[in-house]
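Going by full-length UniProt numbering, the sequence shown opens with residue 1, and the numbers climb by one from there. Beneath this line is the structure, given in C-alpha cells, with notes to follow.
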Amino acid sequence: MAKPGQGFGFGLGKMKELTEAFKKAQQVQEGAKKLQEDLDLLEVEGEAGGGLVKVILSGNQEPRRAVISPDVLGEGADVVSQLVTEAMQDAYNKSTTTMREKMEELTGGLNLPGM
C-alpha cells in the first residue's frame, strides 16, 4: 500500500516530467504537420547518365516530373528505361535522407521509441 501523501507511486517531480513530455509531444506533432507541408513544397532531383535523365520528386516522395535529354533517346528503350530507373532510385534515396534528417531535427532531444 502507498504511504499517505504518496498518491499512486509518483510524486510531483514525475508529474512535471510527464507534463513536459506531453508538451514536447504536442510541439513535435505541430512541427510534423509543418514539416509535411514543407516537404510537399520541396523538390528533390535524382539523376542518371551524368544528368541525361533526371527525375524530380517532392520531399514527400511524390513524383513531379522526369526530364530526358534528347541525346539519350537514340540509345534505345532499354537504356532509357534503365537510366530512368536509376534516376528514380537516386531521387528516392535523396528524398528519404532529407526526410530522415528533418525528422531528427524535429524530434531532437526526445527519446521516442522507433525513431
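Quick reminder that beta carbons are idealized off the backbone N, C-alpha and C, glycines included. Note that this is a predicted model, so its numbers are computed, not measured.
- Separation of Ala25 and Lys102 (C-alpha to C-alpha, rounded to the nearest whole angstrom) is 16 Å.
- Taken in chain order, the complete alpha helix (DSSP H) segments of 4 residues or longer contained in the stretch 44 to 110 are 70 to 73 and 77 to 107.
- DSSP places Leu18 in the helix class (H, G or I) of the three-state scheme.
- Per the Cβ contact rule, the stretch 80 to 95 is in contact with the stretch 27 to 47 (3 or more Cβ pairs under 8 Å).
- Beyond the five residues adjoining it in sequence on each side, Leu106 comes within less than 7 Å, by CB distance, of Val28, Gly31, Ala32 and Leu35 in the same chain, given in chain order.
- Burial state of Leu57 is buried, judged by a 10 Å Cβ sphere holding 16 or more other Cβ atoms.
- Taking all protein chains in view, the Cβ of Gly59 is crowded by 16 or more other Cβ atoms within 10 Å, so the residue is classified as buried.
- With a beta-carbon spacing of about 10 Å, Ala66 and Val80 fall beyond the 8 Å limit used to define contacts.
- Non-local beta-carbon contacts of Gly76 in its own chain, meaning distances under 8 Å to residues more than five positions away in sequence, are absent.
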